[in-house]
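Enquirer: I am attaching a structure below and will ask some questions about it afterwards.
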Amino acid sequence: MRAAAIRRGLGGLLLAGAGVMGWAQAQTQSVPAIFRGADLALGERLMREHRCAECHTRQVGGDGRDIYNPKGRISTPGALRGMVELCNTEMNLGMFPEEVTAVAAVLQRDHYRFAP
């Protein structure tokens, strides 16, 4: 009796795990390849530490959102990552490549939403 209950419990866990894996796979597939596996929490932290929003607000005024996707300037995921790399270089932020990708992935998620 106990063994059957354990098997049922494990079966439920396996089904739940399969559901989570399916969700994670769907989330991964909905992101452009360049950003797959990026550490979004790291990107969010770096954006706070480097005060990206403050600088962009000073540049464009208002709430700073106009900096995102000026007409024709950033039209691909690669161009977005390139712009973050440009900020990294110009501002001498010292971010590693995976950190640049993490920041760009947050911008992709929150503002750009390029198709995969």
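All the letters of the sequence shown, read from the start, carry residue numbers -26 to -1, 1 to 90 under mature numbering (1 follows the signal peptide of the UniProt record, and there is no 0).
Beta carbons: idealized from backbone N, C-alpha and C, even for Gly.
1) What is the DSSP secondary structure of ASN66, counted as helix, strand or coil?
2) Beta carbon of GLN33, beta carbon of LEU54: below 8 Å?
3) Grab the span of the alpha helix (DSSP H) containing PRO71 for me, first residue to last.
4) How many whole angstroms separate the CB atoms of PRO90 and PRO6, which I take to be in contact at a CB cut-off of 8 Å?
5) Kindly indicate which three-state DSSP category ALA53 falls into: helix, strand or coil?
6) Counting only the same chain and skipping the five closest in sequence on each side, list residues whose C-beta sits under 6 Å from that of MET(-6).
7) Quick check: the Cα distance between HIS24 and ALA79, rounded to an integer number of angstroms?
8) If you measure between the beta carbons of GLY17 and VAL77, is that distance less than 8 Å?
Expert: In short:
1) DSSP, read as helix, strand or coil, puts ASN66 in coil.
2) With respect to the 8 Å criterion, GLN33 and LEU54 are not classified as neighbours on the basis of their beta carbons.
3) The continuous alpha helix (DSSP H) containing PRO71 extends over residues 71 to 81.
4) Yes, they are in contact, since the Cβ atoms of PRO90 and PRO6 sit about 5 Å apart, within 8 Å.
5) The DSSP-derived three-state label of ALA53 is helix.
6) Unreliable positioning characterises MET(-6) in this predicted model, as indicated by a pLDDT of 42, which lies under 50. A coordinate reading is not provided.
7) One C-alpha to the other measures close to 16 Å.
8) Yes; because the gap between Cβ atoms is below 8 Å, this pair is in contact.
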